[in-house]
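Enquirer: Before I ask anything, let me first share the structure, which is written out below as structure tokens.
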Amino acid sequence: MKKRFKILLFTLGVFNFLQAQELLTVDKAIAIALDKNYDLRISKNDTKIASIESRLLNSGYLPRLSASGGINYRNESQNVTFSDGTSLSVEDAVTESYNASLTAEYTIFDGLERKFNVEKKEENTNLKKLQERQLIENTIVSIYDAYYNVAYQAQIEDNLKLNIENSIDRLERAKRKLKYGQGSKLDELNAQVDLNNDSISYASAYKDLKNAKRNLNLILGRDVKQTFVIDTTIVFAAPLSENEILESAKENNITSILNQQNVLLSELDIKIYKAKFLPKINGSASYNWNESQNPPTSFALANEAYGLNLGFNLSWNIFDGGNNATRIETSKITRKNREIELYRANEALKTEIFNAYEDYINRKFTLRSEAKNVETNRLNFTRTQKQYSLAQITTVEFRQAQINLLNALNNFARAKYDLKVSEINLLQLAGILIN
Numbered sequence: 001m002k003k004r005f006k007i008l009l010f011t012l013g014v015f016n017f018l019q020a021q022e023l024l025t026v027d028k029a030i031a032i033a034l035d036k037n038y039d040l041r042i043s044k045n046d047t048k049i050a051s052i053e054s055r056l057l058n059s060g061y062l063p064r065l066s067a068s069g070g071i072n073y074r075n076e077s078q079n080v081t082f083s084d085g086t087s088l089s090v091e092d093a094v095t096e097s098y099n100a101s102l103t104a105e106y107t108i109f110d111g112l113e114r115k116f117n118v119e120k121k122e123e124n125t126n127l128k129k130l131q132e133r134q135l136i137e138n139t140i141v142s143i144y145d146a147y148y149n150v151a152y153q154a155q156i157e158d159n160l161k162l163n164i165e166n167s168i169d170r171l172e173r174a175k176r177k178l179k180y181g182q183g184s185k186l187d188e189l190n191a192q193v194d195l196n197n198d199s200i201s202y203a204s205a206y207k208d209l210k211n212a213k214r215n216l217n218l219i220l221g222r223d224v225k226q227t228f229v230i231d232t233t234i235v236f237a238a239p240l241s242e243n244e245i246l247e248s249a250k251e252n253n254i255t256s257i258l259n260q261q262n263v264l265l266s267e268l269d270i271k272i273y274k275a276k277f278l279p280k281i282n283g284s285a286s287y288n289w290n291e292s293q294n295p296p297t298s299f300a301l302a303n304e305a306y307g308l309n310l311g312f313n314l315s316w317n318i319f320d321g322g323n324n325a326t327r328i329e330t331s332k333i334t335r336k337n338r339e340i341e342l343y344r345a346n347e348a349l350k351t352e353i354f355n356a357y358e359d360y361i362n363r364k365f366t367l368r369s370e371a372k373n374v375e376t377n378r379l380n381f382t383r384t385q386k387q388y389s390l391a392q393i394t395t396v397e398f399r400q401a402q403i404n405l406l407n408a409l410n411n412f413a414r415a416k417y418d419l420k421v422s423e424i425n426l427l428q429l430a431g432i433l434i435n
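All residue numbers for the sequence shown refer to the UniProt record's numbering, where the first residue is 1 and numbers rise by one.
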């Protein structure tokens, strides 16, 4: 029996090793996601679009240049009677005309609407960059969460391997005792049942580990079947101060910065609508050429004209039925709403920081407590093993000590990774996660 279970564990272990050659660190996982994550790639493209729209070519400050040309041909029969009473009939009276022009137009003044539109496009580009940063931060947090979930499942698998080894040892002891008349068949059967249950738990943990790896691959934007092993080492940041986090969040928290950006965009909308009340001046310059060839019935057999034309145009939308005034009024209300949203977001941010910091302190305490539990339960199990070998305790007591050690190891692993994720959440709230 012992040999059979060892072969099972060895086979699963070798299978896993052969498929998982890549060592995936958390930093490498983040680097892969920044390059391949589907949502990030879309966000980067949205930022590029906003950047293109804010270029000089889309600013309205450049002149508009157009060219046109045409040819007209007419062939007809004409009967013409002149004022002196003479007449003339012409068959195939052909008229040909040619024209070409080059025109430049430029808006000299548009009430500063163009200026504010350019500023809005630039700030919209900044908004897209901020949204991209927010998505990067959220993706990094998701990676940490998924990565440490893989680490936790790997730790569970290792703990269950150790548990199975202990159960195998117990079963072999029960068999030896029964063989030499020092035990009972019931002890052997109980040991066999517990070993079977431990093996089922291990198979389930192995499945959960594979699922966790596929979920991480999905976030990274690569083939979900990509195999890898991870670094289960945890490096914690220096102890975090609640006051330092609050001060940093005021200037660096991405949600707060996004709300400030929305207020700025609302102010620019008001300026754009106000600019529509001012007059607009447009200038134009064109060079035109026209030529025509006429039949004998015309007063002029040929005609050619060319030259430069200049023009200025002033327009002033004095009253548009109140549409623009309505837009200004509603835009002011929108700005107030965004100011309220900014205030609400800042207050919510404080609440999130207080709650997250409380959670962070609690998880630090939990980790210390779970570390002591592991130490205590490991010592207890070692002593229990000795007592069990001397037949000083029952199999039930041995099993309980075994389960207590397994739970302590699992709880310690969970506490360790939960603390790291809690730390990452605090860094994100402080706005220094990417740093």
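All C-beta atoms, glycine included, are put in the ideal place defined by N, C-alpha and C.
Going by DSSP, name the residue or residues bridged to I281.
Expert: According to DSSP, which records beta bridges pairwise, I281 is partnered with F109 and L314.
Enquirer: Do T81 and S87 have their C-beta atoms within less than 8 angstroms of each other?
Expert: For T81 and S87, yes; Cβs fall inside 8 angstroms.
Enquirer: When you compare the CB positions of K128 and D46, do they come within less than 8 angstroms of one another, or not?
Expert: In this structure, D46 lies closer than 8 angstroms to K128 by Cβ.
Enquirer: Would you check if the distance between the CB atom of K36 and the CB atom of L220 is smaller than 8 angstroms?
Expert: Taking 8 angstroms as the Cβ cut-off, K36 and L220 qualify as a contacting pair.
Enquirer: Tell me the residue span of the alpha helix (DSSP H) that contains I254.
Expert: Unbroken alpha helix (DSSP H) run through I254: I254 to A275.
Enquirer: Pick helix, strand or coil for Q134, following the three-state DSSP scheme.
Expert: In the structure shown, Q134 sits in a helix (DSSP, three-state: H, G or I).
Enquirer: Where does Q78 sit, in a helix, a strand or coil, going by DSSP?
Expert: Here Q78 sits in strand by DSSP.
Enquirer: If I234 and K416 are in contact, beta carbons under 8 angstroms, what's the gap, nearest whole angstrom?
Expert: That pair is a contact at about 6 angstroms.
Enquirer: Could you tell me the boundaries of the alpha helix (DSSP H) in which V421 lies?
Expert: Looking at the DSSP string, the run of the alpha helix (DSSP H) that includes V421 is T395 to A430.
Enquirer: Where Q293 and R74 are concerned, what is the direct C-alpha to C-alpha distance, given to the nearest angstrom?
Expert: Each residue's alpha carbon lies about 10 angstroms from the other.
Enquirer: With distances taken Cα to Cα, identify the nearest neighbour of N138 among R55, I254 and L265.
Expert: Nearest C-alpha to N138: I254.
Enquirer: State the CB to CB distance for the pair Y148 and K420, rounded to an integer number of angstroms; the pair is presumed to be in contact (CB under 8 angstroms).
Expert: Contact holds; Cβ gap of about 6 angstroms.
Enquirer: N309 and S286 look like a contact to me (Cβ under 8 angstroms); what is the Cβ gap, rounded to whole Å?
Expert: Sure, about 5 angstroms apart at Cβ, within 8 angstroms.
Enquirer: When the Cα atoms are used, what is the spatial distance from R55 to N117?
Expert: Their backbone Cα atoms lie some 12 angstroms apart in a straight line.
Enquirer: On the three-state DSSP scale, how would you describe F10?
Expert: Since pLDDT at F10 reaches only 49, below the 50 mark, its modelled position is unreliable, and no value is offered.
Enquirer: Kindly indicate which three-state DSSP category Q387 falls into: helix, strand or coil?
Expert: If DSSP states are grouped into helix, strand and coil, Q387 belongs with the helices.
Enquirer: Helix, strand or coil: which one does DSSP assign to L24?
Expert: Strand.
Enquirer: Relative to the C-alpha of Q153, which candidate in Y357, N411 and I424 has its C-alpha closest?
Expert: For the residues Y357, N411 and I424, the minimum Cα distance to Q153 belongs to N411.
Enquirer: Which two residues bound the contiguous alpha helix (DSSP H) that contains A237?
Expert: Taken as a continuous stretch (DSSP letters only), A237 belongs to no alpha helix (DSSP H), as it is neither H nor E.
Enquirer: Do L135 and S51 have their CB atoms nearer than 8 angstroms?
Expert: Cβ distance not < 8 angstroms, so L135 and S51 don't count as in contact.
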